[in-house]
Structure formats: structure tokens, C-alpha cells
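Worksheet: one structure, shown below.
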Amino acid sequence: MIACMTDLKKIKEEYLEKIGKYEYLAMVCYGTGCVAANCEGVRNALVDELQKQNLTEKVSVIERGCMGTCAVGPVVYILPDETYYTEMDAEKARDIVAKHFIGKQPVEEYTFYDSIKCKRMTNINEVSFFKDQVRIALRNCGLIDVNCINSYISKDGYLALAQVLERGDRRYVIDVLKASGLRGRGGGGFPIGIKWEAGYNAPEGQKYIICNADEGDPGAFMDRSVFEGDPHSVIEGMILGGYAIGASRGVVYIRAEYPIAIKRLETAMEMARQEGLLGKNILGSGFDFDMEIRIGAGAFVCGEETALMNSVEGRRGEPMQKPPFPFESGLFGKPSIINNVETLANVPPIMLNGADWFRQFGTPESPGTKVFALTGNITNSGLVEVPMGMPLGDVIFDIGGGIPNGKKFKSAQTGGPSGGCITPRKINTPLEYDSLLALGTMIGSGGLIIMDEDTCMVDTARFYMEFIQDESCGKCVACRIGTKRMLEILERITTGHGEEGDIERLEELAETIQQAAMCGLGQTAPNPVLSAIENFREEFEEHIHKKRCRAGVCADLFVSPCENTCPANVNVPGYNALVEKGRFIDAYNLIRQENPFPAICGRICTRPCEAKCRRASLDEAVAICDIKRFVADYARSHEQPTADIIFPRNGKRVAVIGGGPGGLSCAWYLARIGYEVNVYESEKLAGGVLAYGIPEYRLPQETLQYEIQKVEREGVKIHLNTVVGKDISFDEIRKTNDAVFIAVGTQVPQRVGCEGEDMEGVIGGLDFLKDVKLNGNRKIGQRVAVIGGGNTAIDSARTALRLGAKEVTIVYRRTRGAMPADEIEIHHALEEGVQIMELTQPLRFVGRDNKVEQMI
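Residues 194 to 1049 in the working numbering are what the sequence shown spells out, letter by letter.
Given below as C-alpha cells:
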């Protein structure tokens, strides 16, 4: 029985002395993910092998909680070496005993593979996933024995409680929390000090402190992991809360889907009672506090505080009108304070270390850290805890390892069914309450779902609305019927039956639900749909008007994924079938029904169709682009001389300003349906970026001009060296044509934004490629640095080598895997000797006489 602070310190010393006798601690993860992956088999193999090798006195095997790397379990963490083994099995466990515990060498091939650094890491502190994390709520998860209260005490567990009870000042707890700025981690972000102060000021008598562990957001598992890995931190936080507000009873409301978490919490509560840390006269202070567990049936609406209290009382889990608020009349009509698991887990370290210690993390408005469940299309899925205000992009790429399989980041869903999406344009948004609210989303409980280019945002909106509609308690008409009508519209759109005005109907319904729904869950239910419409309205319009799903998710809106993904909508299965039968000319003509430049695309296309090829699920994607190139080259070498093809005219004239790929394609389509088309190009060559932005080794000028000439032979007239506004006026063009199509392109290179980039020797990538292509060879230095990771950067680097540069380095702010350039081009650049400097961003350019000499 622990009676005072001295007892706690003594237990800590004894426990540390006990485990200090071991040479190694083998910490086996017993979180839900690892349990499902048979961590018990790994533990048993370790114990068995240690007994065989007579090492049980040197190595202790400990069951611990999850450290966050849920995708690579079972996990074994070895101390004091700090070696992190992943994807373990019984055979690997025996191997570790022989090589690590006996041979004294970590088994590198079993350690965590860092996808950012592209190598295995033998020490956890070197792993990118952990390096930028700051663990407060998760401080003990994975580091303590979940079956031993003394292990928690050895990490200064219950010491904050002892200090507070010894001080004997309830108000002190509230003052420290108010000074710390801790905000509720369950979604709303209300300051905890102010909430507890309301409970403190409530009339004396029976009060309750409630832990809301009803974690219902799709993809969220923060609360579960805390209970599985460190239940005592929540117990201590609840006791401190009970002491501060004057409550003698605590209730943990947790869903039945968390059996391991419930079992660990029950065990921890019993251990705390046995040690006198829970129940009567805690630590001899005269303060009585006990707690119980109430198990919910998994209704999402019971995450709302009034519905939760109804459920605890044995009634139907439905929200109630407020006021009265829970701190006035809550559970069983008594003043009650409700906090979520993460919030309570933050309280003990704040009370132990002080408000200023906590405020050193995060932002002034949102101090501390936040736990996120990082899931979806992300390389390192799992649980992460980062300082408030960390940019979303850093979490995705520096901790999460980026988007797998070379896909592009499309959106991040925060706040679950009550939140919204963040697009690539806002990827550097700080993850903190106010910044996310400004974007129309929220932090919520901490779900962070990453979506790649293969995600349909209309279908995603439908999914969340289906979830909300299914979970609606049905008490108020706005939520019960309004969400049903929204779901019906979204289902109609995703099946190809969308109608004009559907988007506006969704917005109108959403506004009504927000204003009329009874509880916070109903009021925020339309948020994912509104956010998707705001950020991806064009996808909704494509589904409705073009009956097309660009992501290839809505099965009723496309024939094949490859054709659906092709920007020109070429019949890919059709021409591949013709190639299979040896009908190469027919295949070429089929391609040209939609694309005037098969030979060009066969050389420079970024192959989006291959990324969606179903064959890749078996072995690898069909080489669609290479087949297209073969067909085009075959047709060119075997075609018979023919006269120019002039399609029947309709009497209309169209002028196209700009002879790039967009302008020429437009002109070609118009000529084929009978328009007389004139193209006005300011340069001496037609083709735009095709003519001067792509190096000769990738796209020979001869091939380009051949396909442009075919466009001319089909009735398009191209006027070179003709500047509109100088050689011919726009008014003259407008008067002599029925329509004008402007396709001038974006020919201004992207700037770095660094001091000194206007000096001689700092050249825009597009300007460099254009100069080389139009004016021939140019002088270039022996050492060349190329800033960026796109195709223009790769082309510039490879061109510089061909011009005689001895050393060419691509400087990119993220890793090679995150570079947007075509992977084939990156591979070829590396083979030719181009170096890539990852995770580097220039700060300024330095030189003399306005000539660059150094990049810093």
C-alpha cells in the first residue's frame, strides 16, 4: 500500500534497480495491430529460445503498448540499444536471440525500413517516423510494462498526483492548467482550465468527471492505443480532475469494440486500488475518488456529451438541448466535466513539469502536442504525436514517408465525418485549431486520412454522408431526413444520374442541417460534403455533366481505368487489341481519332494510364505508352503517300492564338468537323513547349515537325513569326473570325524566391531549355545545380551534361520518392551521372559583380 510520495520514490528506485540487472529488455508490442499479427507467437518464441540458451537472467521479455508503427507489426523494441525490429515472426525472434543477445550485433535486415532515407535503421532515434515527434500524451506508450503499475511509477507515474495532494490546493490545479493553455483534444478545443473551473465553481455535493473514450471516427484509434499502452496516465489525469473540481466519482465511457483496451484499463484500475491510489483516502490525503467503466454499443452519436450521459444512465443515446450544460446538470442531474482520453493523459505531465514546460511546444494559441491517427494512402501509417502548428506537409512527407507507389497527394481529411479536406495548395497549413477552422475543417479527435490521386472526392463525400446518415440518432428532422436526402443526391451523382442543380441542392440542404440540427454532430454532418464541393467542384461537375469519374472509382462512369485516366480519352483497350492482332495501321488510326500526336505522346507522355492498369495487380502494368510509340513509328515507316485531307467545310472560321500543343490540338479537332482554322504562333517553330521545352534526345525535332505537318495536311493553316498585337491586331482577328481560341500557355518559369536569384548564372529551367533548343549549344559552367524535382528539372540536368558540364546536382526539398518527375526520367538521369541532393532547399545565391558563384 502506497501511503505517501516517499513510497512512490522508493518503488521507482526498486523497480529501476530490478530491471537494471538485465542486460537487455525485449519490449514486445501487444497493441491491437500486433496482437492481430500474432505478437504472442513472437513473445513465446523469444521466451522459449532464451530459456534454451540460459539467458533468462540477462534478458527480460516485457509486454508493452503500441509506439505507433501499426503497419509493420509485430514489433520488438530492444533496450538499452534502442533497436527497433519490425514485421517479426517466431523464426526472426530466435535469430535475434542468437545474433543480438549472444552475438552482440543488431540484425539490420529485421530493423525498421525508413522509406524516406531508403535504408534500414538500427537505432530508433535515426528513424524519420520518430525523429520529429514530441510525445507527451504517448510518452509511456511502448516504454512501460502494461501489466505492472510499478513500471508506470518508474516513469514518475502518480508523482504529480502526490505533489498536488500534498499541496492541498484544489485551485492550484486549475490555475496551472489555465496557464498551460491546454485545449480539449476531443475536437472543439475548449480550454481545459476554464472547463474545470466551471466544475470547481459548481455547488458542492456529488460531482462526476467523465472520460469520453467513445472513439467513433473512421480511421481513428488514438484513445484505444493510450488505454492499451498507458492506462495509468488517464487514471491519474481523472483523479487530478476529480480533486480539482471536487468530484468523488469518475466514469470511463468506452466502446465495446475495444476489448484489449477495456481489459488493460480494468487491470490498471484494480492495481491502483490495491496500492491505495484509487478509492478511499488516496495517499493519506483524505481525498476519496473511485471510477468505473461503462461500455457503449458503438453508436457514433454517443461521442456527443449529452448522448453519452444518456447512455451511461441506461437511456437511449440521444443528444439533449443545452442549456443546461453538463457542468450545471450532467450525469444523473449532477455537475459533470467531460474530457477525452488524450486530454486527460496530458494533465499529469503538465502538473509535474509546469505550464511553461508545456507551452514550449506548439503555438501560443494552441500549446502542446496533438496525437494523429495517420491512415489512408500513406507509406508509414500509424499513430504520431507532433507539436501543434506543424505543417501538414511535414507530417505527410517527413514523418509519414509520403504517398506510396509514386502517386500524387490529393487531399487530407481531418476531423473525420465532422471535418473537411485540405488540398495540395494548402499542404503547408499548420495543424492547429484556428488554422484548420479557417479552411472549413477541424482537428477533431485526431483522425488524419491521406488520399492520393486515385481517390474520387465525390465518392468520398458520399461515404462520409452514408456514415453520418447511418449513425444519425434520428431525434431531429434536420439530421434524420436532411442527411438522407443529401445521401440520395450523392448516390445519384456517383452512379451517373446526376442532374443540373444537384450541387446547389446539396449546398442548400447542408446549410439547413447546419442551422437546424439539434447537436454538434448533426450540425457538422454536412462539412465533408461542403468541403469537397468547395475544393473539388470540378469533379462534381464532371460526374454530373460529362458522366466521368477522373479517379476511376465510380464504376458506372467509365469503361476501363486506363481509358478513363487518359487526358485525351483514347480507346486504350481498343488499340491494344488491334496491336495484338497485328493490325498496327488500324491501331494508329484509332489513336488518332482522339489524339493528333501519337508519336509525340509515345515519347514524352507521363503514362497516367499505366498507373491505373489492372494488369499491375497481377505482375506489372502493360507498357501502353511504348506500344503507342511503336504503332506511331510503324505507321510512319509504312504509310503510303496520300493527298492532303480536307474535311467538308461548314462555312465558319476560327482563329487560334498560340501554336503549342493545346492550340494545335484545338485547331486539329475543329478542322476535322469542318471549321477553317488559322493558327498564329509568335516563334519560328510551331509546337510551343514541345518545340523548345523538351530536349532533342527525348523528342527529336523531326518527329515533332512530322506530326505537325500531318495536322497542316488536314486543313490547319499555321502562321509562324506572327505576334498578335504587333504583326496582326487582335481586333482584325476578331473581325475576320467567328471565334477566337487563346492558347498562349504559361511560359514564365517558376521562381525560387531566394535572395540573389536575379544574378547572372541563375537561369529559369524553361528559359534554359528554350535557349538550347532554338539557338543551339550555349556556354555552361563545369558545375551545375538544378533546383526542383519536376520533369523540367530532370530535362535541364540531362541537357547540362550533354553541353559539357562535369558535375550536375539536382537540389530537391523532399526525397527522391516525392519528386513529381517521371520515374523513368529520374532513373535515366541517375544512370547518366546526375546527382540528387535530397531534403535540401536553397536559402540565397552569393556572387560578385552580379555573377553567381555560390548557392547557400
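We treat Cβ as the ideally placed atom computed from N, Cα and C, and that holds for glycine.
Please classify residue i as buried or exposed, where buried requires at least 16 neighbouring CB atoms within 10 angstroms.
i, result
"GLN606", "buried"
"TYR626", "buried"
"PHE729", "buried"
"SER638", "buried"
"GLU732", "buried"
"GLN326", "buried"
"ARG508", "exposed"
"PRO719", "buried"
"PHE840", "exposed"
"SER830", "exposed"
"LYS903", "buried"
"ARG743", "buried"
"THR1093", "Here the chain covers residues 194 to 1049 and nothing more, so residue 1093 does not appear."
Got a sec, what are the start and stop residues for the beta strand (DSSP E) residue i sits in?
i, result
"GLN606", "602–607"
"PRO580", "575–580"
"ASN871", "869–873"
"VAL564", "562–569"
"MET1030", "1028–1030"
"SER478", "From DSSP, SER478 is part of no beta strand (DSSP E); its letter is neither H nor E."
"SER253", "252–257"
"MET644", "640–645"
"VAL1001", "1000–1004"
Quick check on the DSSP output: the alpha helix (DSSP H) that includes residue i runs from which residue to which?
i, result
"PRO542", "534–546"
"GLN975", "First-last for GLN975: undefined, no H or E at that position."
"LEU272", "That residue, LEU272, is in no alpha helix (DSSP H); its beta strand (DSSP E) goes 269–272."
"HIS831", "817–831"
"LYS966", "958–968"
"CYS614", "Premise fails: CYS614 lies in the beta strand (DSSP E), 613–615, not in any alpha helix (DSSP H)."
"ASP368", "363–373"
If I measure Cβ to Cβ from residue i and keep anything under 7 Å in the same chain, skipping five residues before and after, which residues do I get?
i, result
"ALA1022", "ILE987, ALA990, ARG991"
"ARG698", "ILE682"
"LEU201", "ILE195, ILE346, TYR351, LEU352, ALA355"
"SER344", "TYR208, ILE337, ASP338"
"ARG417", "THR225, GLU408, TYR451, ALA454"
"SER574", "CYS263, ALA264, LEU567, THR568"
"THR1094", "As displayed, the chain neither begins before 194 nor continues past 1049, which places residue 1094 out of reach and without an answer."
"VAL366", "VAL357, LEU433, TYR436, ALA437, MET544"
Rounding to the nearest angstrom, what Cα-Cα distance links residue i and residue j in this structure?
i, j, result
"CYS802", "THR687", "21 Å"
"GLY795", "LYS821", "5 Å"
"MET220", "GLU421", "14 Å"
"GLY954", "LYS739", "48 Å"
"ARG378", "GLY547", "19 Å"
"ALA330", "ILE571", "23 Å"
"GLY767", "GLN898", "27 Å"
"ARG457", "MET1012", "44 Å"
"ASN762", "GLY691", "21 Å"
"ARG842", "LYS774", "36 Å"
"ASP951", "LEU962", "18 Å"
Keeping to the same chain, check which residues put their C-beta closer than 6 Å to that of residue i; ignore five residues upstream and five downstream.
i, result
"ALA391", "PHE520"
Leaving out the 5 sequence neighbours to the left and right, which residues in its chain are closer than 8 Å to residue i when beta-carbon positions are compared?
i, result
"ARG785", "PRO791"
"ILE817", "CYS755, VAL765, ASN769, ARG800, CYS802, GLU803, CYS806"
"GLU468", "MET194, ILE195, ILE342"
"LEU994", "VAL1001, GLU1025, GLY1026, VAL1027"
"LEU680", "ARG655, MET658, GLU659, GLN662"
"ILE973", "ALA993, LEU996, GLY997, ALA998"
Is residue i helix, strand or coil by DSSP?
i, result
"GLY213", "helix"
"ALA437", "helix"
"ARG891", "coil"
"ILE447", "strand"
"TYR401", "strand"
"ILE530", "strand"
"LYS312", "strand"
"ARG1041", "strand"
"THR705", "helix"
"GLY767", "helix"
"LYS910", "strand"
"ARG442", "strand"
"LEU470", "coil"
"MET220", "strand"
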